[in-house]
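The sequence shown finishes on residue 412 if you use our numbering, and the numbering steps up by one all the way, no holes. Cβ coordinates follow ideal geometry from the N, Cα and C atoms, glycine included.
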Amino acid sequence: MVEISCFILVLFNFLTFMYLLLRNKSGVFYTLWVIFVIWFFSFPSYMQYSYRIFPWANYPKDTEIIFSNLITFIFSVFLFAGYIISYKKINNHNLQMESRLCISNVANVVTLLLMIPSVIFIAIVGVSSFFMGRSFVGELVYSDGFLPMLYAASKFGAFGILAVYLVLYIKKPKNQKFGLFSTLMFILAIIINFIVNNPLSSPRFHFLSMALAILVIFRKIGGRLSSVALFLASPFLLFIVFPLVKHLGETSGDYNKYGLSEYLVKGVDFDSFQQLVNITRFVTDKGYSWGENFVAGIGFFMPRSIWQTKPTNLGILAAEHQGYFYTNLSAPLVGEFYYAGDIIGIIIGALAVGLLTGKTDSVLNNSKLSASYFIGLWISSFSFIIFRGAFGSVAPMMMLGLCASLVLYISIIKTNRTPNLN
């Protein structure tokens, strides 16, 4: 039954992916969901089951594996339903209005203000720290209670700014140019992102998500051909490239060398399935949150000194429940919804996510510039780390970056008075 449950889960997602491709309705979000389920979730978990070796202690029982596949299947069904309902092919729009958008001096001042956290963080840790390895930056950041939030604001806020400038740059008419102030702000955004978001110091999934966002902006991904290419390239990227990139951030020089099968069954990168099992165990013993885990993620800015009962990230709770020595683990989105409200929570959550992302993917694929475009850009491009979780860890970063993009974009819209870019 374990093999059958895994096969059904993979087959359903693959067939829905093919269906959407044939209908030309598959966007970045759904493509990444299928990649996550098949290559990141199901394939490694089946290898782990076959070898009877999992990344962490307390191996799943067959009944737990089947149940975890079942709730993931239910999530997949209702995600697909919501997605296909809300995905709409938008007619070609008039690009003339977009060409009239200008970056005013006020908007450039807003850019400067939004980049203050990045400048402060760089000044605190030093430019060289970002090129000395991921673990080196991590030690600096988490040695101080104030720095983690500043770190997130500097990285994702800076990228949110860069995303807006990139979009406006590629959408402006060829006979228009950025003004001097706008050009300087654009260059400053590039330099800051090169420092704080370089692959040496950035977590791999963060860097991957930002790279995907840039590809979406330049319309290099999102169509049928690019979706198929990304799906086929995913095993190479996840199983070969990612381990190599991880070594770029190591400072010890003591690199682990092991075969692919050993990496899949023992590597903590692929603990999503086991963590989903651990979440179901935690829920069985401790009960449901009734949505508090999502409220805590959205209300990340509220300090515990004020919100003393603020919930802990689900990945940490599930790991602590199993007695793991390392607890900062993932919590798949399916598990978050299960923790929030059992099977009903999964159904409602999957439908809501499907309806939202079907809309945002359709906006992205039609490249219509609006606030919805930037919402879709962040949700779709960063969806892989959303799927992996934990929501409480991912939500602050995404919301900070999205807010930076929206604040800058709205300031541009509000101060848009002339057809020239200043």
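Check                                                                                                                     : Outcome
Endpoints, alpha helix (DSSP H) assigned at C(-4)                                                                         : -8 to 12
Cβ-Cβ distance between Y159 and A179 below 7 Å                                                                            : no
Backbone CA spacing between N188 and S199 [nearest angstrom]                                                              : 13 Å
Exposed unless 16 or more other CB atoms sit within 10 angstroms - verdict on V0                                          : buried
Local conformation of L346 per DSSP, three classes                                                                        : helix
Span separating the alpha-carbon of P233 from that of N98                                                                 : 39 Å
Anticipated Cβ contact below 8 Å, V186 with S118, distance rounded                                                        : Not a contact, Cβ separation roughly 13 Å.
Same chain only: Cβ atoms within 6 Å of L22, ignoring 5 sequence neighbours per side                                      : S373, F374
Pair within 7 Å by beta-carbon distance, L304 and Y329                                                                    : yes
Pair within 7 Å by beta-carbon distance, I207 and V157                                                                    : yes
Residue from K78, S94, F(-3) whose Cα sits closest to the Cα of I403                                                      : S94
Buried or exposed by the 16-neighbour rule on C-beta atoms within 10 Å, applied to E(-7)                                  : exposed
Three-state secondary structure assigned by DSSP to K300                                                                  : coil
Whole-Å CB distance - L390 paired with A142, under 8 Å assumed                                                            : 6 Å
Residue-level contact to chain C via CB, M200, 7 Å cutoff                                                                 : Here there is only one protein chain, and chain C is not present.
Assumed close pair P34, F260 - CB separation to whole angstroms, cut-off 8 Å                                              : 4 Å
Under 7 Å between C-beta atoms of F111 and L140                                                                           : yes
Reduced DSSP secondary structure (H/G/I, E/B, other) of Y314                                                              : coil
Chain-order list of residues whose beta-carbon lies under 8 Å from that of R42 (same chain, five-residue window excluded) : Y49
Given I28 as reference, the closest of L228, E310, K15, R214 once Cα atoms are compared                                   : L228
Pair within 7 Å by beta-carbon distance, L60 and A340                                                                     : no
Spatial neighbours of V267 in its chain, beta-carbon cut-off 6 Å, leaving aside the 5 residues before and after           : P50, E54, S58
Buried versus exposed, by CB contacts within 10 Å (16 or more), M388                                                      : buried
Pick from L396, N355, F377 that is closest to S217, judged by C-alpha positions                                           : N355
Cα-Cα separation, I151 to P138                                                                                            : 20 Å
Cα-Cα separation, I269 to W46                                                                                             : 14 Å
Closer than 6 Å: V353 CB and nearest the ligand SAH heavy atom                                                            : Absence of the ligand SAH is noted for the structure shown, with no ligands found whatsoever.
Distance, I177 Cα to S320 Cα                                                                                              : 35 Å
Backbone CA spacing between F7 and V18 [nearest angstrom]                                                                 : 11 Å
Buried versus exposed call for L392 [16 or more other C-beta atoms within 10 Å across all chains shown]                   : buried
Cutoff 7 Å; reference F26; Cβ partners in own chain excluding five residues on either side                                : F374, F377
Per-residue burial, S360 [other beta carbons within 10 Å of its own, 16 or more giving buried]                            : exposed
Separation of G366 from G422, as counted between CA atoms                                                                 : Here the chain comprises residues numbered -9 to 412, so residue 422 is not present and cannot be evaluated.
Close-in-space but distant-in-sequence residues of the same chain around I56 (CB under 8 Å, 5 per side omitted)           : M(-9), V(-8), S(-5)
DSSP-derived helix/strand/coil call for C92                                                                               : coil
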